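Heads up, the sequence shown is in this note's numbering, so the first residue is 858 and it goes up one at a time.
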Amino acid sequence: MLNSMVLSAGGVAEIMTHLWVLEDDEDAIILYQKMFQSGFEAEYFKSLNDLRSAITVNGRRPELLIADLHLPDGEFTTLLGGDSAALDMPFAVVSASDDYKILQDCFKKGARDFFVKPVNRNEILFKINRILNEKSQPASALSKPQFKDLTLDTFTQTVSRENSKKVIQLTQTEYKILALFFRNPDRRLNREEIIGEVWKSEALSPKAFDFHLSKLREKLRDLTVKINYQTNEGYCLLQE
């Protein structure tokens, strides 16, 4: 998944981000074409079959796939199987609905983000760049932040508790949320602070935030740790 390089009108080499867009609506395609006319090289597919063909015959993969959930020949999620490994590329999904169950299913199957139609140009460009920046970051050194008897492994993105054999695997987003609590052990964090630090934006929908926090809470329960919330004060990490 490499960037391509083209020469601009002035003869200066410009790095182009390679995107695939799965979308059957002509108006949406026109919007994307305007949105991605600078700094992006986008290929468009109007059906699942078109995308399948490209995956089969094209050895190259995009740096990011932006996929509408509902296509004339089926649902995008049918390509995923159990997880995003079946697709072999990072992806974000687009839908006219922000239904919690749809969000849950998409994130569970590996979606990097979720855009609600009609898409906002600034929001989608910001989030695309955030996804690409996260993907390009090198693995950090084997640092292991501590919170009381909890250990957060930066390299493996796992959390464990002293004298417990359980090691909990975290998603990248869950890891970032938990790392934020580790860095702020003595105070509560409000929703806006968490979104600003983890997503670097205030554009995240409340349902998406609640989904990620809910999944992290479920995992921490196995270590008898909980994310406590108090009205008007915010969230903090507590050990039971």
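Note that CB positions come from ideal geometry on N, CA and C, so glycine has one too. Note that the structure is predicted; figures quoted are calculated from it, not measured.
**Prompt:** Would you say LEU1070 and LEU1035 are within 8 Å of each other, going by their C-beta atoms?
**Reply:** For the purposes of this step, residue 1070 is taken as the residue at position 213 of the sequence shown. For the purposes of this step, residue 1035 is taken as the residue at position 178 of the sequence shown. No, the pair does not count as a contact, with Cβ atoms beyond the cut-off.
**Request:** Please name the residue, chosen from LEU876, LYS903 and ASP925, that lies closest to GLN894 on a Cα-to-Cα basis.
**Result:** Translated into positions along the sequence shown, residue 894 becomes position 37. Closest by alpha carbon: LEU876.
**Item:** Cβ shell of GLU1090 (< 7 Å), same chain only, five flanking positions each side left out
**Value:** Here residue 1090 refers to the residue found at position 233 of the sequence shown. Excluding positions up to five away in sequence, the list reads ARG1045.
**LYS1083 - partner residues in DSSP beta bridges** = Walking along the sequence shown from the start, residue 1083 turns up at place 226. DSSP output for LYS1083 lists LEU1095 as bridge partner(s).
**Message:** Ignoring anything shorter than 4 residues, give me the alpha helix (DSSP H) runs that lie fully in the segment 962 to 1038, in order along the chain.
**Reply:** 978 to 993
**Request:** Identify, in the order they occur along the chain, each residue of the same chain with its Cβ nearer than 6 Å to the Cβ of PHE1039, setting aside the five sequence neighbours on each side.
**Result:** Position 182 of the sequence shown holds residue 1039. Within the same chain, PHE1039 has close Cβ partners PRO1002, PHE1004 and LEU1009.
**Asked** Just how far apart, CA to CA, sit GLN1029 and GLN1014?
**Response** If you number the sequence shown from 1, residue 1029 lands on position 172. If you number the sequence shown from 1, residue 1014 lands on position 157. The alpha-carbon atoms of GLN1029 and GLN1014 are separated by roughly 7 Å.
**GLY896 (DSSP reduced to helix, strand or coil)** = Translated into positions along the sequence shown, residue 896 becomes position 39. Three-state result, GLY896: coil.
**Asked** In angstroms, rounded to a whole number, what distance separates the CA positions of LEU921 and LYS1023?
**Response** For the purposes of this step, residue 921 is identified with residue 64 of the sequence shown, where counting begins at 1. For the purposes of this step, residue 1023 is identified with residue 166 of the sequence shown, where counting begins at 1. For LEU921 and LYS1023, the distance between alpha carbons rounds to 34 Å.
**Prompt:** Are there 16 or more other CB atoms within 10 angstroms of the CB of TYR1032, so buried, or fewer, so exposed?
**Reply:** Here residue 1032 corresponds to residue number 175 of the sequence shown, with the count starting at 1. Buried is the call here.
**Message:** Looking at the secondary structure, which residues open and close the beta strand (DSSP E) in which ALA924 lies?
**Reply:** Walking along the sequence shown from the start, residue 924 turns up at place 67. Taken as a continuous stretch (DSSP letters only), the beta strand (DSSP E) holding ALA924 covers 921 to 925.
**Request:** In the DSSP assignment, find the alpha helix (DSSP H) that holds PHE948 and state where it starts and stops.
**Result:** For this step, residue 948 is matched to residue 91 along the sequence shown. No alpha helix (DSSP H) holds PHE948; the beta strand (DSSP E) holding it covers 948 to 952.
**Prompt:** Which word fits LEU1095, buried or exposed, when buried means at least 16 other C-beta atoms lie within 10 angstroms of its C-beta?
**Reply:** Against the sequence shown, residue 1095 aligns to sequence position 238. Looking at its Cβ environment, which holds fewer than 16 other Cβ atoms inside 10 Å, LEU1095 is exposed.
**Message:** Check whether the segment 947 to 960 and the segment 907 to 915 touch, using three or more Cβ-Cβ pairs below 8 Å as the test.
**Reply:** no
**Euclidean distance between Cα positions of LEU905 and LYS974** = Along the sequence shown, read from residue 1 onward, the residue named residue 905 stands at position 48. Along the sequence shown, read from residue 1 onward, the residue named residue 974 stands at position 117. Distance between the alpha carbons of LEU905 and LYS974: 19 Å.
**Request:** Throw me the rounded Cβ distance for the ILE1025 and ASP1079 pair, which I believe falls under 8 Å.
**Result:** On the sequence shown, residue 1025 is found 168 positions in, with the first residue counted as 1. On the sequence shown, residue 1079 is found 222 positions in, with the first residue counted as 1. Contact flag correct, Cβ pair sits at about 6 Å.
**Item:** Reduced DSSP category for GLU883 - H, G, I as helix; E, B as strand; rest coil
**Value:** Position 26 of the sequence shown, counting from 1, holds the residue named residue 883. It is helical.
**Message:** DSSP three-state label for LEU928, please.
**Reply:** In the sequence shown, the residue the question calls residue 928 occupies position 71. Three-state DSSP puts LEU928 in a strand.
**Request:** In the DSSP assignment, find the alpha helix (DSSP H) that holds ARG1078 and state where it starts and stops.
**Result:** Your numbering for residue 1078 matches position 221 in the sequence shown. ARG1078 -> alpha helix (DSSP H) spans 1063 to 1078.
**Item:** Beta-ladder partner(s) of THR874, from DSSP
**Value:** Working through the sequence shown from its first residue, we reach residue 874 at position 17. Answer by DSSP bridge pairing, in chain order: PHE897.
**Request:** Please report the Cβ distance between ILE981 and MET873, rounded to the nearest whole angstrom; I am assuming they are in contact, meaning their Cβ atoms lie under 8 Å.
**Result:** Position 124 of the sequence shown, counted from the first residue, corresponds to residue 981. Position 16 of the sequence shown, counted from the first residue, corresponds to residue 873. About 17 Å separates the two Cβ atoms, so there is no contact after all.
**Request:** Answer with buried or exposed for ARG978, where buried requires no fewer than 16 other C-beta atoms within 10 angstroms of its C-beta.
**Result:** What you label residue 978 is simply residue 121 of the sequence shown in a count that begins at 1. Exposed is the call here.
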